[in-house]
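Residues in the sequence shown are numbered from 155 upward in steps of one, following the working numbering.
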Amino acid sequence: MGEFVGFPKRCMPFLSELKANNTREWFNQHKAEYETSVREPALAFIADAAPQLVKISPHFRAIPKKSGGSLMRVYRDTRFSSEKSPYKTNIGIQFRHALGKDVHAPGFYLHIEPGACFIGVGIWRPESAVLTKIRDFLIDNPAAWKKAKAYLPFKSNFVLEGDS
155 MGEFVGFPKR CMPFLSELKA NNTREWFNQH KAEYETSVRE PALAFIADAA
205 PQLVKISPHF RAIPKKSGGS LMRVYRDTRF SSEKSPYKTN IGIQFRHALG
255 KDVHAPGFYL HIEPGACFIG VGIWRPESAV LTKIRDFLID NPAAWKKAKA
305 YLPFKSNFVL EGDS
(Lines of atoms letter the chains of each structure in order from A; the text may use other names.)
(Lines give C-alpha, C1' and ligand atoms only; values in the text may rest on other atoms or scores of the structure.)
Protein backbone atom coordinates (compact mmCIF):
# COMPACT_ATOMS: atom_id res chain seq x y z
CA MET A 155 0.00 0.00 0.00
CA GLY A 156 1.51 3.27 -1.10
CA GLU A 157 1.05 6.87 -0.14
CA PHE A 158 -2.37 8.34 -0.98
CA VAL A 159 -2.08 10.61 -4.03
CA GLY A 160 -5.80 10.81 -4.77
CA PHE A 161 -8.25 8.45 -6.35
CA PRO A 162 -7.32 7.46 -9.91
CA LYS A 163 -9.24 8.87 -12.88
CA ARG A 164 -10.86 5.45 -13.38
CA CYS A 165 -12.34 5.32 -9.87
CA MET A 166 -15.60 7.19 -10.48
CA PRO A 167 -16.16 5.76 -13.99
CA PHE A 168 -15.61 2.29 -12.52
CA LEU A 169 -18.25 2.89 -9.83
CA SER A 170 -20.67 4.22 -12.48
CA GLU A 171 -20.06 1.14 -14.63
CA LEU A 172 -20.60 -1.10 -11.60
CA LYS A 173 -23.93 0.64 -10.95
CA ALA A 174 -24.98 -0.02 -14.56
CA ASN A 175 -23.71 -3.63 -14.50
CA ASN A 176 -24.30 -4.70 -10.91
CA THR A 177 -23.92 -8.46 -11.41
CA ARG A 178 -21.50 -11.03 -10.04
CA GLU A 179 -20.40 -11.94 -13.57
CA TRP A 180 -19.49 -8.34 -14.47
CA PHE A 181 -17.78 -7.68 -11.14
CA ASN A 182 -15.69 -10.86 -11.33
CA GLN A 183 -14.52 -9.86 -14.81
CA HIS A 184 -13.53 -6.40 -13.50
CA LYS A 185 -12.32 -7.25 -10.00
CA ALA A 186 -8.69 -6.37 -10.78
CA GLU A 187 -9.78 -2.87 -11.77
CA TYR A 188 -11.81 -2.59 -8.55
CA GLU A 189 -8.64 -3.43 -6.63
CA THR A 190 -6.44 -0.85 -8.40
CA SER A 191 -8.99 1.93 -8.92
CA VAL A 192 -11.03 1.72 -5.73
CA ARG A 193 -9.81 -0.53 -2.92
CA GLU A 194 -6.05 0.12 -2.97
CA PRO A 195 -6.39 3.94 -3.15
CA ALA A 196 -9.05 3.86 -0.40
CA LEU A 197 -6.75 1.83 1.84
CA ALA A 198 -3.91 4.29 1.15
CA PHE A 199 -6.27 7.16 2.10
CA ILE A 200 -7.15 5.39 5.35
CA ALA A 201 -3.47 4.80 6.19
CA ASP A 202 -2.60 8.45 5.50
CA ALA A 203 -5.61 9.65 7.55
CA ALA A 204 -4.52 7.78 10.69
CA PRO A 205 -2.03 10.38 12.02
CA GLN A 206 -4.52 13.20 11.42
CA LEU A 207 -7.32 11.27 13.10
CA VAL A 208 -5.23 10.83 16.25
CA LYS A 209 -4.95 14.64 16.45
CA ILE A 210 -8.76 14.89 16.46
CA SER A 211 -9.20 12.13 19.04
CA PRO A 212 -7.03 9.22 20.16
CA HIS A 213 -10.18 7.10 20.53
CA PHE A 214 -10.96 6.71 16.83
CA ARG A 215 -9.24 4.22 14.56
CA ALA A 216 -8.14 4.33 10.92
CA ILE A 217 -7.55 0.68 10.05
CA PRO A 218 -6.26 0.11 6.48
CA LYS A 219 -7.22 -3.57 6.15
CA LYS A 220 -8.95 -5.22 3.20
CA SER A 221 -11.37 -6.93 5.56
CA GLY A 222 -12.46 -5.90 9.03
CA GLY A 223 -10.94 -2.43 8.87
CA SER A 224 -12.17 1.07 8.09
CA LEU A 225 -13.05 0.34 4.45
CA MET A 226 -16.57 -0.98 4.17
CA ARG A 227 -16.95 -4.09 2.09
CA VAL A 228 -18.16 -3.82 -1.51
CA TYR A 229 -20.52 -6.77 -1.09
CA ARG A 230 -24.06 -5.82 -0.05
CA ASP A 231 -26.01 -7.84 2.49
CA THR A 232 -29.14 -8.58 0.47
CA ARG A 233 -30.69 -11.15 2.81
CA PHE A 234 -33.40 -8.85 4.19
CA SER A 235 -33.56 -6.31 1.37
CA SER A 236 -35.94 -6.11 -1.55
CA GLU A 237 -33.08 -4.51 -3.53
CA LYS A 238 -30.89 -7.45 -4.55
CA SER A 239 -27.95 -5.73 -6.29
CA PRO A 240 -24.94 -7.65 -4.99
CA TYR A 241 -22.47 -4.72 -4.83
CA LYS A 242 -22.27 -1.28 -3.29
CA THR A 243 -21.55 1.41 -5.86
CA ASN A 244 -19.81 3.80 -3.49
CA ILE A 245 -16.73 3.96 -1.32
CA GLY A 246 -17.65 3.84 2.37
CA ILE A 247 -15.03 4.51 5.02
CA GLN A 248 -15.72 4.49 8.75
CA PHE A 249 -13.30 5.65 11.41
CA ARG A 250 -14.97 4.11 14.44
CA HIS A 251 -14.38 4.36 18.16
CA ALA A 252 -11.69 2.06 19.53
CA LEU A 253 -14.25 0.16 21.62
CA GLY A 254 -16.62 -0.31 18.69
CA LYS A 255 -16.79 -3.59 16.83
CA ASP A 256 -18.94 -2.67 13.82
CA VAL A 257 -20.71 0.12 11.91
CA HIS A 258 -23.01 0.78 14.87
CA ALA A 259 -20.14 2.28 16.88
CA PRO A 260 -19.70 6.05 17.18
CA GLY A 261 -17.48 7.34 14.44
CA PHE A 262 -16.76 9.39 11.37
CA TYR A 263 -18.08 8.19 8.01
CA LEU A 264 -16.90 9.22 4.54
CA HIS A 265 -19.15 8.38 1.58
CA ILE A 266 -17.86 8.83 -1.98
CA GLU A 267 -19.80 8.03 -5.15
CA PRO A 268 -20.06 9.49 -8.64
CA GLY A 269 -21.68 12.91 -8.30
CA ALA A 270 -21.86 12.94 -4.50
CA CYS A 271 -19.73 12.92 -1.40
CA PHE A 272 -20.60 13.48 2.24
CA ILE A 273 -19.17 13.12 5.72
CA GLY A 274 -21.20 11.89 8.65
CA VAL A 275 -20.37 11.83 12.33
CA GLY A 276 -22.17 10.18 15.18
CA ILE A 277 -23.71 6.80 15.68
CA TRP A 278 -25.80 4.87 13.14
CA ARG A 279 -28.65 2.68 14.34
CA PRO A 280 -27.38 2.14 17.88
CA GLU A 281 -28.50 -0.91 19.78
CA SER A 282 -31.57 -0.39 21.95
CA ALA A 283 -29.64 -0.23 25.25
CA VAL A 284 -27.19 2.32 23.81
CA LEU A 285 -29.99 4.44 22.35
CA THR A 286 -31.74 4.45 25.73
CA LYS A 287 -28.55 5.71 27.42
CA ILE A 288 -28.19 8.50 24.83
CA ARG A 289 -31.82 9.54 25.26
CA ASP A 290 -31.59 9.42 29.06
CA PHE A 291 -28.47 11.61 28.98
CA LEU A 292 -30.24 14.20 26.82
CA ILE A 293 -33.31 14.16 29.05
CA ASP A 294 -31.18 14.52 32.19
CA ASN A 295 -28.87 17.18 30.67
CA PRO A 296 -30.94 19.39 28.36
CA ALA A 297 -28.66 22.41 28.88
CA ALA A 298 -25.60 20.44 27.71
CA TRP A 299 -27.44 19.34 24.56
CA LYS A 300 -28.68 22.86 23.80
CA LYS A 301 -25.18 24.28 24.35
CA ALA A 302 -23.59 21.70 22.03
CA LYS A 303 -26.25 22.26 19.37
CA ALA A 304 -25.82 26.05 19.51
CA TYR A 305 -21.99 26.02 19.54
CA LEU A 306 -21.18 28.42 16.69
CA PRO A 307 -18.21 26.55 15.14
CA PHE A 308 -20.42 23.46 14.98
CA LYS A 309 -23.60 25.23 13.93
CA SER A 310 -21.92 27.18 11.13
CA ASN A 311 -20.30 24.09 9.57
CA PHE A 312 -22.69 21.20 10.10
CA VAL A 313 -26.34 20.34 9.62
CA LEU A 314 -28.03 18.02 12.09
CA GLU A 315 -30.04 15.31 10.39
CA GLY A 316 -31.56 12.04 11.38
CA ASP A 317 -34.28 10.71 13.59
CA SER A 318 -35.01 12.32 16.91
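In this text, a Cβ means the ideal position worked out from N, Cα and C, and glycines have one as well.
Just so it is clear, the structure is predicted and the values come from calculations on it, not from any experiment.
{"query": "Other residues of its chain near ARG331: CB distance less than 7 angstroms, five sequence neighbours each side excluded", "result": "Nothing can be reported for residue 331: it is not among the residues displayed for the chain, which extend from 155 to 318."}
{"query": "Boundaries (first-last residue) of the beta strand (DSSP E) holding LEU264", "result": "261-267"}
{"query": "Same chain, Cβ closer than 6 angstroms to GLU237, neighbours up to 5 away in sequence not counted", "result": "none"}
{"query": "Where TYR305 sits in the DSSP three-state scheme", "result": "coil"}
{"query": "Separation of PRO296 from PHE181, as counted between CA atoms", "result": "50 angstroms"}
{"query": "Reduced DSSP secondary structure (H/G/I, E/B, other) of ALA225", "result": "According to the sequence displayed, residue 225 carries Leu and not Ala. Here LEU225 sits in strand by DSSP."}
{"query": "Inter-residue spacing [alpha-carbon to alpha-carbon] between GLY261 and PHE249", "result": "5 angstroms"}
{"query": "Residues of its chain near THR177, where Cβ-Cβ distance is below 8 angstroms and the 5 sequence neighbours each way are ignored", "result": "PRO240"}
{"query": "Opposing strand residues paired with ARG250 [DSSP bridges]", "result": "GLY261"}
{"query": "Segment limits, alpha helix (DSSP H) that includes PHE199", "result": "194-210"}
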